[in-house]
Amino acid sequence: MQDDDILVYRLGATCDLADVEEQKVYAGKVQGFANFGMFVQLNDRIKGLVHKSNMKSEHKEKDSILVRVRQIRPNGNIDLEEIQIKVYQVQNIEKKSTTVRISDLGSRIGKTVAIEGEVAQIKQTSGPTIFTIVDESGTQNVAAFVEAGVRAFPDVELNDIVKVVGEVMKRNNQLQIEADAITSLSGDEGETVRVRIEQALDIRAEPEDIPLLVKSEVMERLRPGMKKVAKIIRKAIFTAQPVILRHHADADGICSAVAIEQAVVALIRESGGDFDAEYYLFKRAPSKAPFYEIEDITRDLDFSLKDHVRFGQKMPLVVLTDNGSTEEDEPSYKIASVYDIPFVVIDHHHPDATIDKYLFAHVNPYHVGGDFGITAGMLGTEIARLINPKVEPIIRHLPAVAAVGDRSEAAERSLYLSLVRDQYSEEACKNIALALDYEQFWLRFNDGREIVKDILNISGNSTRHEKLVSLLVEGANLMIEDQMSACIPHVVPRDLPNSAKLFLIDVEIHAHKFTFPPPGKTSGEVHDRLCRANEGSPVVTIGFGPDFAVLRSRGVLMNIPRMVRELRTEIPGGGISGGGHLVVGSIKFVEGMRNTVLEALINKISVAQVQK
Ligand code: MN
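As structure tokens, then:
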């Protein structure tokens, strides 16, 4: 072989281990020395070792040198030997397009590949470091090992754009890449990949254009907003950002949240990553108050920050449903904004415009001329279908349950009920709603993920569903009857000047405490019974305790949030707060001002218009 036949390769700046081949000769530069040999760089990223037994001459740092690749070891180390030739041809090597998309890895098992993407999580295990990489097509775990429990590639940080080279393996039935190299791509190169992924994800996150389950003008007008929320949630899933879903702890809030939960969990499973990703990337939790209170944000923040520090997780996207629209949520939004936590809200409470500056998206029927009759469960289910249309068969009855649970009187109520009439009668929906309320009482702050799936007949075991619901309904009704027999005899009636019938019940002393039904539902039950007994008349029921009152009304045009605001300025020292829906709500005050507040409240109700 003539010397001038010998090819010497020069690696381009972006070349990586996948571009290096054994037995080939490369042009390199001496990087440094150790007592067993010297290190030679083939480009800025790749270096190999020339053992001293393979050195042919004396060198100093930065000397140009020719080397042959003797071996590439499984851990990515390269053994080189020095070559001395005078005449040769140089061939430049530009990066081979070995980069594959994450969604194509399934066909590359056993092969060494390169992927490019964003680091979405860095988790140190007692063995390897696990990097979760996200590209435009999916999520992939990459294991890198230096020493048990030691962080591999310490320069690589969360949110970096990286190139990973490694072998595709199957572990515990899941794809994993065992990394030879993880390199952060900086400058233009990183930016190009980031933009490419960003643009592709933007298209991938766009929800399918599917029609609503029912014909509804109001909801049709909400569709752009619903698509926006669905897109934000899809994008969070595709970029392995944790999602926290908070909801009002009643049947409507649960239905809305569970519909979204089903869509999100199925999509997380589809997009790859860890087998338990659906647990640490998604959390559903009820809010006890009818708003997102400081206790809620504090818990969410506490957990998220710990996960961020401990498991290298991103900060979450928070989705609020059947909650979140009112100024009562503002203190929590303020705290969250310190940490730049994004929020989206799906609610049907009368919205206060002041909170919109904290939200990435806000779906609310009041924005488009609708009202609370479009329940959160209806909105949540339609949004869940946009997030992941595949879950529709298991969630299409949830709007009907939500509608009866929240006593919707909108036209959509009967549309959603007829949609599922074959499987669920109105009575069945009412029972499911009551079972949800009752079970949530015992669950307290827990989400009861699997129990709730049985109550909603989502787990696929209909026999168990029926047994459980009928048992819960029986239990709930027994306790409601017990409560009613204790408190109904103590209801105090009063005729108001506007011809409305007012009923007052002191739930503090005439109802069982700390049990089911709680004060709000107790007042609601009393109200329902009084409405039936006073068919045709406008009825207002106030259930009150030492420092709160719960309002229910029929046929009286009230605006509870506005009345609360007015009382707050009219009664200094009343300690007044509260809100809710226009005609169903609650108010808090200080005990010493109870009578003053209640009388002022009744005065306002006395002048409210009644429906003829
Ligand atoms: Mn609701």
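Count along the sequence shown from 1, then add 1114; that gives the number in this note's numbering. Glycine is no exception: its CB is placed at the ideal position from the N, C-alpha and C atoms.
- Under the rule that a run must span 3 or more residues, the beta strand (DSSP E) segments found entirely inside the region 1576 to 1641 read 1606 to 1609, 1615 to 1620.
- Within 10 angstroms of the beta-carbon of Leu1315 lie 16 or more other beta-carbons, which makes it buried.
- For Asn1478 against Ser1439, the beta-carbon gap comes to about 6 Å, under 8 Å, which counts as contact.
- DSSP, reduced to helix, strand and coil, places Leu1272 outside both helices and strands of the structure shown, so it counts as coil.
- When secondary structure is reduced to three states using DSSP, Pro1479 falls in the helix class.
- Collapsing the DSSP output to three states places His1361 in a strand.
- Under the 10 Å beta carbon count, Glu1196 is surrounded by 16 or more other beta carbons and is classified as buried.
- In the three-state reduction of the DSSP assignment, Ser1370 falls in the helix class, which pools H, G and I.
- Under the DSSP assignment, Gly1659 falls outside any beta strand (DSSP E); it carries neither an H nor an E label.
- Environment of ligand 1, chain-ordered: Asp1366, Asp1436, Ala1490, Asp1520, taking every residue with Cβ within less than 5 Å of a heavy atom.
- Looking at Asp1294, Gly1224, Val1264, the one whose alpha-carbon comes closest to that of Val1256 is Asp1294.
- Within a 10 Å sphere around the beta-carbon of Leu1585 sit fewer than 16 other beta-carbons, which makes this residue exposed.
- For Glu1230, the uninterrupted beta strand (DSSP E) run begins and ends at 1226 to 1238, by DSSP.
- Separation of Asp1454 and Lys1504 (C-alpha to C-alpha, rounded to the nearest whole angstrom) is 32 Å.
- In the three-state scheme derived from DSSP, where H, G and I count as helix and E and B as strand, Phe1147 is classed as strand.
- Gly1669 is a Cβ neighbour of Gln1725, given a cutoff of 9 Å.
- The DSSP-derived three-state label of Pro1686 is coil.
- Contact between Val1233 and Glu1271 is confirmed by a C-beta separation of about 7 Å, below the 8 Å threshold.
- Within the same chain, and ignoring the five residues on either side of Glu1375 in sequence, the residues whose Cβ sits closer than 6 Å to its Cβ are Arg1398.
- Counted as a single uninterrupted DSSP element, the beta strand (DSSP E) harbouring Val1433 occupies residues 1431 to 1435.
- If one requires a minimum length of 3 residues, the beta strand (DSSP E) runs lying completely within the region 1177 to 1219 are 1178 to 1186, 1192 to 1197, 1203 to 1207, in chain order.
- Cβ contact annotation for Ala1475 (same chain, cutoff 8 Å, sequence separation greater than five): Gly1339, Lys1342, Val1343, Ile1346, Val1458, Val1459, in chain order.
- The beta-carbon distance between Ile1619 and Cys1645, rounded to whole angstroms, is 14 Å. This is too long to meet the 8 Å contact definition.
- Judged by DSSP in its simplified three-state form, Glu1540 adopts helix.
- Beta-bridge annotation (DSSP): Lys1702 is paired with Phe1662, Ser1691.
- Taking C-beta separations shorter than 6 Å and ignoring five residues to either side along the sequence, the partners of Gly1231 in its chain run Ile1247, Val1248, Asp1249, following chain order.
- Judged by DSSP secondary structure, Asp1416 falls within the alpha helix (DSSP H) whose first and last residues are 1408 to 1425.
- Counting the other Cβ atoms within 10 Å of the Cβ of Gln1554 gives 16 or more, which makes it buried.
- Here Asn1286 carries a coil assignment [DSSP, helix/strand/coil].
- Assignment of beta-bridge partners to Gly1142 by DSSP yields Ile1179.
- Exclusion of the five residues before and after Ala1365 leaves Gly1519, Ala1547, Leu1550, Asp1551 as the residues of its chain whose Cβ lies within less than 6 Å of its Cβ.
- Boundaries of the alpha helix (DSSP H) harbouring Ala1450: 1444 to 1452, taken from the DSSP string.
- For Lys1161, the enclosing beta strand (DSSP E) begins and ends at 1161 to 1165.
- By the Cβ neighbour-count rule, Gln1723 is exposed, with fewer than 16 other Cβ atoms within 10 Å of its own.
- Distance from the CA of Gly1693 to the CA of Asp1461, rounded to the nearest whole angstrom, comes to 14 Å.
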